[in-house]
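Here the structure comes first, spelled out in C-alpha cells, and everything after it is commentary.
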Amino acid sequence: MKQCVKVYLNPSGTSCVSREAEQSCQKQCTPRSYQLDSYSNRTGPFLVKTIKRCHANSHHCQNCQRKYNRLYVFPNSQYQQKIDVGKCSGVCSEEGSASDMTTPTPLTCQPTRTRSLSIEGPNGHVTVEVIENCSRVSEQCYRVDHFQSVSARNPDNRRQEELVNTGKCIGSCQGVLINGRCLQYHQNGDCMWYLPGIQGKCRPTRGSTFSYTDLSGHNETLPVVEECGCTTG
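Numbering (the working numbering), first residue to last: 24 to 256.
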C-alpha cells in the first residue's frame with residue numbers, strides 16, 4: 024500500500040515523503056497546502072513556512088499547467104487568510120529527436136508570470152509571491168514577468184495604484200563556467216594548462232529603473248530586470 028505522509032525535519036520545517044515498495048515516475052508525493060506562522064525570538068519576529076498537508080501527485084508527466092496551491096497565512100489569529108499562491112506541475116519530456124540529430128534539451132515546468140501580494144500581519148505587512156502562469160522552459164537562465172504594486176501620486180496629486188513589471192531571473196546555470204582561460208599554450212597552439220572558470224549564476228544582465236512619487240511626496244525608484252543570463256555576479 025502506497026502512502027504519502029508528512030514527516031518532521033526540525034521544529035521549524037516539514038517535508039513530504041513517499042512510502043512505497045516500488046517508486047513510480049508517474050507519481051510524486053508533494054505538498055498540497057502550506058501555512059505561514061509568525062514567531063518571535065531574541066532578535067525579533069520572524070515567519071516560518073511549513074507544509075500543512077501532502078498528497079500523491081499523478082500529474083508530473085503531463086502537460087505543464089498552474090495548479091491550485093493553498094497557503095494559510097497567520098492561522099488561528101485575527102489575520103488568518105487562505106490564499107491560492109499557485110504551483111507549476113507537469114512535463115518530463117525532452118525537445119529534439121534522433122531524426123533531426125539534435126541534442127535533446129530537458130524541459131521543466133516553471134513559473135513565467137508572478138506577482139507580489141501584500142498581506143497584513145501582526146507585525147505589519149508581509150509580501151507573498153503568487154504564481155499566475157506556468158510554461159515549459161528549457162533548464163537555463165531566463166527572465167519572467169513579476170509584478171509589484173506601488174501606491175503613487177499622479178500629476179494631479181491624487182493617489183493611484185500602479186502595477187509595475189519589475190521582472191525576475193529564474194533558472195539554472197548548472198554546468199556553465201564563466202571566465203575560464205588558458206594559462207599556458209604549446210607552440211602548436213594547444214592549451215597545456217587551463218584554469219577552469221567559476222560556476223555561473225542566473226542574474227540580471229541588463230536593467231532599468233521605474234520612478235514614481237510615493238504618497239508622502241518622496242521620489243522613489245524600483246529596479247527593473249530587462250534581461251537575465253549566466254554571470255559571475
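Yeah, the Cβ is synthetic: ideal placement off N, Cα and C, and Gly gets one too.
*Which residues mark the beginning and the end of the beta strand (DSSP E) in which His209 is found?*
Along the sequence shown, one-based indexing puts residue 209 at 186. Where His209 is concerned, there is no enclosing beta strand (DSSP E), given that its DSSP letter is neither H nor E.
*asked:* Which residue wins for smallest C-alpha separation from Gly144, given the options Ser61, Cys251, Tyr235 and Thr244?
replied: Here residue 144 is taken as the residue at index 121 of the sequence shown, counted from 1. Selected option, being the one with the closest Cα: Ser61.
*Can you say whether Phe69 is buried or exposed, counting buried as having 16 or more other CB atoms within 10 angstroms of its CB?*
For this step, residue 69 is matched to residue 46 along the sequence shown. Exposed, by the Cβ-count rule.
*Count the other CB atoms, across all protein chains shown, that sit within 10 Å of the CB of His209; report buried if there are 16 or more and exposed otherwise.*
For the purposes of this step, residue 209 is taken as the residue at position 186 of the sequence shown. Classification for His209: exposed.
*asked:* I'd like the ranges of any beta strand (DSSP E) spanning at least 3 consecutive residues and lying wholly in the segment 145-177.
replied: 147-161 and 165-176
*Bridge partners of Gly230, per DSSP?*
Along the sequence shown, read from residue 1 onward, the residue named residue 230 stands at position 207. BP columns for Gly230 point to Val248.
*Looking at the structure shown, is Phe97 part of a helix, part of a strand, or coil, going by DSSP?*
Indexing the sequence shown from 1 puts residue 97 at position 74. Phe97: coil per DSSP, three-state reduction.
*Which residue's Cα is closest to the Cα of Val71: Tyr91, Lys90, Val96 and Tyr217?*
Translated into positions along the sequence shown, residue 71 becomes position 48. For Val71, the nearest C-alpha among the options comes from Val96.
_DSSP three-state label for Ala44, please._
Stepping through the sequence shown from its first residue, residue 44 is reached at position 21. Because Ala44 sits at a pLDDT of 39, beneath the cut-off of 50, its placement in the model cannot be relied upon, and the point is left open.
*Output the distance between the C-alpha atoms of Asn156 and Gly113, rounded to the nearest integer angstrom.*
Looking up residue 156 in the sequence shown gives position 133. Looking up residue 113 in the sequence shown gives position 90. Approximately 13 Å, taken between the alpha carbons.
*Roughly how many angstroms lie between the CA atoms of Val153 and Gln183, to the nearest whole one?*
As a position in the sequence shown, residue 153 is number 130, starting the count at 1. As a position in the sequence shown, residue 183 is number 160, starting the count at 1. Spanning the two alpha carbons is a distance of roughly 22 Å.
_Please state the DSSP three-state secondary structure of Ser63._
As a position in the sequence shown, residue 63 is number 40, starting the count at 1. Strand at Ser63.
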